[in-house]
Amino acid sequence: MAKASGNRLRIIGGQWRSRMLPFPDVEGLRPTTDRVRETVFNWLQPYLPGARVLDVFAGSGALGFEALSREAEQVTFFEKHPTAAKQLQDNAKTLQANNARIQQGDALSLLAMETAPFHIIFLDPPFKKDLLPNCIELIEQHSLTQTGSWVYIESEQELTQLAIPHHWRLHREKKAGQVKLRLFEVMDR
């Protein structure tokens, strides 16, 4: 059950730098921290302008709105919880982000319906739900990446074994608190 709250996230760079956006009190929703986002977006900055981005477990929208703020051409947000999806819509409207596409529903079902590749995919699922293997499989089955695409995976540190496709090359990896960050570059198959 979502509750009204004073939760806010701060966009850390780009055209909306320092803008504060509300997000609902939804169980399991944990926005990527400023420190982690700064690291991730330093890694991705050269690839963001003009990029088509997918934020698979959007939650607060921290990753997707940060990408839009930094000149991504379009961001698709997947969010299961109706209250969080509604807040994403409201935040996109507040920012006049006409290039934000919010889809409310189960991430795995929505992934299975996508047909075009993305330049950047964010995978930051709820921890300890074992969602990453199915996400990666669907991304591969539906060819949602291409040579030169980037896949960012944020997971709990305890998740040490993950079947990564052979043509995804680990580009960067870091630990921050209880979180493991990994950025993969998609190479030729």
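The opening residue of the sequence shown carries number 12 in this note's numbering; numbering runs sequentially from there.
Note that CB positions come from ideal geometry on N, CA and C, so glycine has one too.
Can you find the residues in the same chain that come closer than 6 Å, C-beta to C-beta, to residue i, ignoring five residues on each side of it along the sequence?
i	result
residue 45	23
residue 122	149
residue 85	63, 110
residue 17	none
Answer with buried or exposed for residue i, where buried requires no fewer than 16 other C-beta atoms within 10 angstroms of its C-beta.
i	result
residue 28	exposed
residue 72	buried
residue 98	buried
residue 177	exposed
residue 181	exposed
residue 126	exposed
residue 136	buried
residue 70	buried
residue 32	buried
residue 174	exposed
residue 171	exposed
Taking DSSP as the reference, what is the three-state secondary structure of residue i?
i	result
residue 4	Past the boundaries of the shown model lies residue 4; the chain is included only from 12 to 200, so the question cannot be answered.
residue 201	Outside the shown range of the chain, which is 12 to 200, sits residue 201, and nothing can be said about it.
residue 169	coil
residue 52	helix
residue 59	coil
residue 142	coil
residue 74	helix
residue 107	coil
Can you tell me which of the options puts its alpha carbon nearest to the alpha carbon of residue i?
i	options	result
residue 21	93, 54, 150, 106	106
residue 40	94, 26, 55	94
residue 194	52, 70, 155	52
residue 141	61, 164, 58, 57	164
residue 104	197, 154, 76, 49	76
residue 187	120, 31, 49, 88	49
residue 128	119, 117, 157, 118	157
residue 117	159, 102, 66	66
residue 37	25, 92, 87, 153	92
Tell me residue i's beta-bridge partners as DSSP assigns them.
i	result
residue 174	Note: residue 174 sits in no beta bridge, so no partner.
residue 87	65, 112
residue 191	166, 186
residue 132	65, 162
residue 179	197
residue 210	Past the edges of the chain, shown from 12 to 200, lies residue 210, and the structure says nothing about it.
Looking only at its own chain, which residues have a Cβ that is under 7 Å from the Cβ of residue i, when we skip the five neighbours before and after it?
i	result
residue 109	none
residue 96	90, 113, 115
residue 151	176
Residues in its own chain within less than 8 Å of residue i by CB, not counting five upstream and five downstream?
i	result
residue 100	113
residue 167	138, 139, 189, 190, 191
residue 161	55, 58, 130, 131, 132, 182, 194, 195, 196, 197
residue 155	65, 122, 125, 127, 128, 129, 132, 149
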